[in-house]
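Trainee: Before I ask anything, here is the structure I am working with.
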Amino acid sequence: MTVRDIIKRAFLVEIIKGMALTLKMMFTKPVTIQYPEERRRVYEGFRGRHAFVRDAVSGKEKCIGCMKCANICPAQCITIAKEKIENKLVVVKYDIEALRCIYCGYCVEVCPVCALVLTEEYEYSSTDKAALYFDKEKLLKNWDEFAAKQQSETYFNKFWRPDGVDSAKMPKSKREQGPVPTRPVLKPAEPAPVAAMPKETAQP
Ligand code: SF4
Ligand code: SF4
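Every position in the sequence shown, counted from 1, becomes a number in my numbering once 515 is added.
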């Protein structure tokens, strides 16, 4: 042990340094927050709970069952089933197993009709595995909950038109996709049927 070490020990230098640091931090702005009373701002492009965008006019999902999201998903956690109903292919099952998802966002990027979104919702942890298995109805409900929290009347997800991707190579539907309404849009009222005029009867 050197003389320097002996002096350090005798005068408790390290303890004094530690106490000085503690005192300094007491008057410094904290880097932590008091969650859940305080919440961090969620930045654009945050990848949270999955949702199916509910079409503001039809009230239904926009998915056309092209399978692109299921094919690109590296975690293979998207299951889609289609059936031919009245000569039309209908998506009868669309499930996302969120527990297996790695939140890469590829499914959102690849969707040609911007039907899918990773919302900014991050408070959905659960001890129930079934609660993190999103079927079509749950995905639409996720959208409703997310949309209801939006201050703005419209929403556009960063991954619908990702930076660095040549938009000329995107499908027309994706190129033309604008912000989607976050509130239901009433269908234009059907024009009232014109009442048939009674035939004029010949006067004697
Ligand atoms: S975010 Fe990635 S891992 Fe998750 S469902 Fe989409 S493609 Fe699959
Ligand atoms: S990529 Fe979009 S339209 Fe195609 S199956 Fe997936 S969610 Fe539906």
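Glycine residues also receive a C-beta, built at the ideal position from the N, C-alpha and C atoms.
Return the chain-ordered list of same chain residues with a C-beta closer than 7 Å to the C-beta of Cys581, the five sequence neighbours on each side being excluded.
Mentor: Excluding positions up to five away in sequence, the list reads Pro627.
Trainee: Relative to the C-alpha of Leu654, which candidate in Phe674, Lys577, Leu527 has its C-alpha closest?
Mentor: Nearest option by C-alpha distance: Lys577.
Trainee: Give me the pocket residues for ligand 1, defined as CB within less than 7 Å of any heavy atom, sorted by chain position.
Mentor: Output, sorted by chain position: Arg562, His565, Cys584, Ile587, Cys588, Pro589, Ala590, Cys592, Ile593, Ile611, Cys616, Ile617, Tyr618, Cys619, Gly620, Tyr621, Cys622, Val623, Leu633.
Trainee: Could you tell me if the beta carbon of Ala630 falls within a distance shorter than 6 Å of some heavy atom in ligand 2?
Mentor: Checking every heavy atom of ligand 2 against the Cβ of Ala630, one is found closer than 6 Å.
Trainee: Can you tell me which residues form a DSSP beta bridge with Lys597?
Mentor: Partner(s): Val606.
Trainee: Does any heavy atom of ligand 2 sit closer than 6 Å to the C-beta of Gly580?
Mentor: Yes - ligand 2 has a heavy atom lying nearer than 6 Å to the Cβ of Gly580.
Trainee: Checking 7 Å against the spacing of the C-beta atoms, do Arg562 and Leu633 come in under that value?
Mentor: Against a cut-off of 7 Å, the Cβ pair of Leu633 and Arg562 comes out as a contact.
Trainee: So what does DSSP say about Arg676, is it helix, strand or coil?
Mentor: Three-state DSSP puts Arg676 in coil, outside helix and strand.
Trainee: Is the number of C-beta pairs between the segment 681 to 688 and the segment 637 to 647 that are closer than 8 Å three or more?
Mentor: The segment 681 to 688 is not in contact with the segment 637 to 647.
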